[in-house]
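Engineer: Here this note's numbering is used: position 9 in the sequence shown is 10, and no number is missing along the way. Quick one: the structure is below, questions incoming.
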Amino acid sequence: GSAGAVAAQALRRLGELPASGAPAEGGLTVLLSGREGELPAAALHYAEGRLLPAVEPFADRR
Numbered sequence: 002g003s004a005g006a007v008a009a010q011a012l013r014r015l016g017e018l019p020a021s022g023a024p025a026e027g028g029l030t031v032l033l034s035g036r037e038g039e040l041p042a043a044a045l046h047y048a049e050g051r052l053l054p055a056v057e058p059f060a061d062r063r
């Protein structure tokens, strides 16, 4: 996926560097029409989408 590249570019544009030793972790919030929702099944058709369930159970994200 490109999330790491996008985050690195955002930091460069801000003139910031990642904190040394900062953990590479994050979360996922699915927004559907501006409201939190469940990850659509169609997301699993993409390689990046298929990686998401392996991270942690969706039920534990709230």
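Just so you know, even glycine gets a beta-carbon here, dropped at the ideal spot from N, CA and C.
I'd like the list of long-range same chain contacts for L45, defined as Cβ closer than 6 Å, with 5 residues on each side in sequence excluded.
Structural biologist: Excluding positions up to five away in sequence, the list reads R51.
Engineer: According to DSSP, is E37 part of a helix, a strand, or is it coil?
Structural biologist: strand
Engineer: What separation, rounded to the nearest whole angstrom, lies between the Cα atoms of E17 and G38?
Structural biologist: 32 Å
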